[in-house]
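In the working numbering, the protein residues as written are 99 to 486.
Each residue gets a CB set at the ideal place from its N, CA and C atoms; glycine is no exception.
Notes follow once the structure below has been shown.
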């Protein structure tokens with residue numbers, strides 16, 4: 099049986115697991131499950147050095163989470179009291195604890211979204227011996243080696259349509275590829291996303307936008323029918339051609355803009371003067387864990403969202419009068435529909451509203467002090483985002 103070494107985890111993850119074990123009853127057997135096991139196996143470092151862990155127990159998840167929160171001086175958040183799911187949030191730590199959804203651990207794992215997430219490691223043995231066997235009832239490790247992404251059972255995708263979004267994200271994040279059967283199942287269930295709680299959709303979209311390959315994930319979402327299910331406004335964008343100097347229809351142009359944002363945000367320190375300060379700026383939280391960088395990528399996707407409805411042909415020329423103004427209103431509506439934080443929505447609206455200004459300033463010749471003043475007066479701290 100394959101084993102996972104403790105040194106594959108970060109120090110923050112190990113410390114969090116020791117707090118869990120100290121809080122657990124002596125006879126309990128908490129197991130580390132899901133993404134943390136997968137990423138440790140792949141030697142992927144935790145994002146921002148945080149300990150983001152999922153744990154499963156046979157029973158008593160709520161009480162265990164409450165005790166762990168006390169030990170870490172963190173917050174205890176019951177997510178689903180009836181099903182025994184809770185979250186611990188502390189400095190640099192987020193731990194989800196859940197009761198098994200089946201009589202055995204193996205059956206619980208087999209009901210998860212993808213085989214690469216249906217992995218578990220016993221915490222007590224891992225901390226005691228420095229290594230522990232990986233419980234892998236669905237062949238997740240073999241799928242990781244084959245760079246293959248599939249559900250243990252295609253029916254789990256219909257049980258929760260959000261799992262399709264997660265599949266597109268995992269493809270882009272891990273370099274995996276959905277099997278043809280999994281992709282077909284996702285296409286069938288994509289329309290069902292309309293019935294998923296907006297907050298859950300938002301959280302998954304934000305994870306996509308946090309990727310350095312967000313454009314790739316969005317393209318895959320589009321190919322699977324997921325993007326139009328979440329943002330129906332992209333359908334008319336797909337069908338709206340643009341005159342020169344543009345080369346692509348609005349949606350393709352917008353996805354390429356997201357790709358540009360991916361590149362610039364990933365290489366800000368290297369490409370931009372004062373890049374370290376600007377990187378800190380784009381990492382700024384706008385509320386609810388949403389960063390400026392994520393909002394910038396969403397603005398790149400939506401900056402021309404109103405071109406289809408504002409398209410006019412005047413004197414043989416195609417024009418998009420006030421698409422920036424109308425688009426700002428559309429972007430705000432989309433942000434509200436996704437339940438983004440108020441400040442993030444404000445920044446999104448402002449970036450879409452003013453996305454033409456840098457081009458207009460450059461086209462007008464040398465930028466005067468007065469024009470520069472008006473630009474920074476109107477955009478304030480969002481000016482750097484727009485210029486990126």
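(request) Return yes when the Cβ of residue 319 is within less than 8 Å of the Cβ of residue 231, no when it is not. (result) no
(request) Assign residue 172 to buried or exposed, taking buried as 16 or more other Cβ atoms, counted over all protein chains shown, within 10 Å of its Cβ. (result) buried
(request) Under the assumption that residue 182 contacts residue 214 (Cβ atoms under 8 Å), give the Cβ distance between them as a whole number of angstroms. (result) Actually they are not in contact, since the Cβ atoms of residue 182 and residue 214 sit about 24 Å apart, beyond 8 Å.
(request) Please look up how many angstroms separate the CB atoms of residue 52 and residue 445, rounded, as I've assumed it's under 8 Å. (result) Given a span of 99 to 486 for the chain in the structure shown, any question on residue 52 remains unanswerable.
(request) Check whether the Cβ atoms of residue 159 and residue 197 sit closer than 8 Å, and answer yes or no. (result) yes
(message) Just to confirm, is the Cβ distance from residue 394 to residue 483 under 8 Å?
(response) yes
(message) Going by DSSP in three states, residue 445 sits in which element: helix, strand or coil?
(response) helix
(message) Pop quiz: residue 310 and residue 360 are said to be a contact at Cβ under 8 Å. What is the actual Cβ separation, rounded to whole angstroms?
(response) 6 Å
(request) Return the bridge partner residues of residue 389 from the DSSP annotation. (result) 383
(message) Strictly under 8 Å for the Cβ-Cβ distance: is residue 217 near chain C by that measure?
(response) The chain labelled as chain C is not found in the depicted structure, where only one protein chain is given.
(message) Let's see if you can read the secondary structure: which residues bound the alpha helix (DSSP H) around residue 473?
(response) 467-477
(message) At the level of alpha carbons, what is the spacing between residue 477 and residue 443?
(response) 14 Å
(message) Tell me the DSSP secondary structure of residue 151 in three-state form.
(response) strand
(request) My understanding is that residue 416 touches residue 341, with C-beta atoms under 8 Å, so please give their C-beta distance in whole angstroms. (result) 5 Å
(request) Excluding the 5 residues preceding and the 5 following residue 234 in the sequence, name in chain order all residues of the same chain whose CB lies nearer than 6 Å to its CB. (result) 217
(message) Let me confirm a value: residue 371 is counted as buried when at least 16 other C-beta atoms fall within 10 Å, else exposed. Which label applies?
(response) exposed
(message) My assumption, with CB atoms under 8 Å, is that residue 194 sits in contact with residue 152. Please give the rounded CB distance.
(response) 5 Å
(message) Can you give me the C-alpha to C-alpha distance between residue 427 and residue 150, rounded to a whole angstrom?
(response) 36 Å
(request) Output the boundary residues of the alpha helix (DSSP H) element that contains residue 361. (result) 348-364
(request) Could you tell me whether the region 286-300 touches the region 343-356, using the rule of 3 or more Cβ pairs below 8 Å? (result) no
(message) Do residue 168 and residue 110 have their beta-carbon atoms positioned less than 8 Å apart in this structure?
(response) no
(message) Taking 8 Å as the threshold (C-beta atoms), are residue 270 and residue 210 in contact?
(response) no
(request) Return the first residue and the last residue of the beta strand (DSSP E) that residue 130 is part of. (result) 129-131
(request) Might you give, ordered along the chain, the residues of its own chain that have their beta carbon closer than 7 Å to the beta carbon of residue 383, omitting 5 neighbours on each side? (result) 389
(request) Grab me the residues of residue 293's own chain with a C-beta within less than 8 Å of its C-beta, minus the 5 sequence neighbours each way, in chain order. (result) 259
(request) Taking the CB atoms as reference points, tell me whether residue 219 and residue 118 lie closer together than 8 Å. (result) no
(request) Grab the span of the alpha helix (DSSP H) containing residue 338 for me, first residue to last. (result) Unbroken run through residue 338: none, as it is neither H nor E.
(request) May I have the straight-line CA-CA distance separating residue 364 from residue 317, to the nearest angstrom? (result) 19 Å
(message) Measuring alpha carbon to alpha carbon, tell me which residue in 479, 437, 455 and 101 is nearest residue 420.
(response) 455
(request) Using the Cα positions of residue 108 and residue 461, report the straight-line distance between them to the nearest angstrom. (result) 50 Å
(message) Quick check on DSSP: helix, strand or coil for residue 236?
(response) coil
(request) Report the partner residues of residue 194 according to the DSSP bridge assignment. (result) 152 and 185
(request) Sort 302, 275, 262 and 303 by Cα distance to residue 286 and report the nearest one. (result) 262
(request) Classify residue 241 as helix, strand or coil using the three-state DSSP reduction. (result) helix
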